[in-house]
Amino acid sequence: METIKVLKVKQSVLANNDSRAASVRKELLEKKIFFINLMSSPGSGKTTLLINLLNRLKDKLRIGVMEADMD
Numbered sequence: 015m016e017t018i019k020v021l022k023v024k025q026s027v028l029a030n031n032d033s034r035a036a037s038v039r040k041e042l043l044e045k046k047i048f049f050i051n052l053m054s055s056p057g058s059g060k061t062t063l064l065i066n067l068l069n070r071l072k073d074k075l076r077i078g079v080m081e082a083d084m085d
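Each residue of the sequence shown is one higher than the one before, starting from 15 at the first, in the numbering used here.
Have a look at this one:
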C-alpha cells in the first residue's frame, strides 16, 4: 500500500519572482513609465493590436517597444 505524504509549503514558490516584480513596478511608477506586458498565442493579433495602438498614440506619447520571443 502506498504512503501518502502531505507537504506544507511555508513560502510561495514564486516569492522571489513576486519580490522582483514588486521592485520593477515600484521603479516604473517612480519614473512615471506605463508598461504593458502583452502575451498570447501565435497568430492572435498582438502585432496588429500594437501597430494600431502605436499609430493612434505616437503623436501624444513617447513610446518604446521591447520584444522578447519565448522559444
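C-beta: ideal position from N, C-alpha, C; glycine also. Fair warning: this is a prediction, and the values are worked out from it, not measured in the lab.
DSSP places R76 in no alpha helix (DSSP H); its state is neither H nor E. If you draw a straight line from the Cα of K46 to the Cα of G57, it is about 32 Å long. F49 and L42 have their C-alpha atoms some 8 Å from each other.
If you check the CB distance, I77 and L68 come in under 8 Å.
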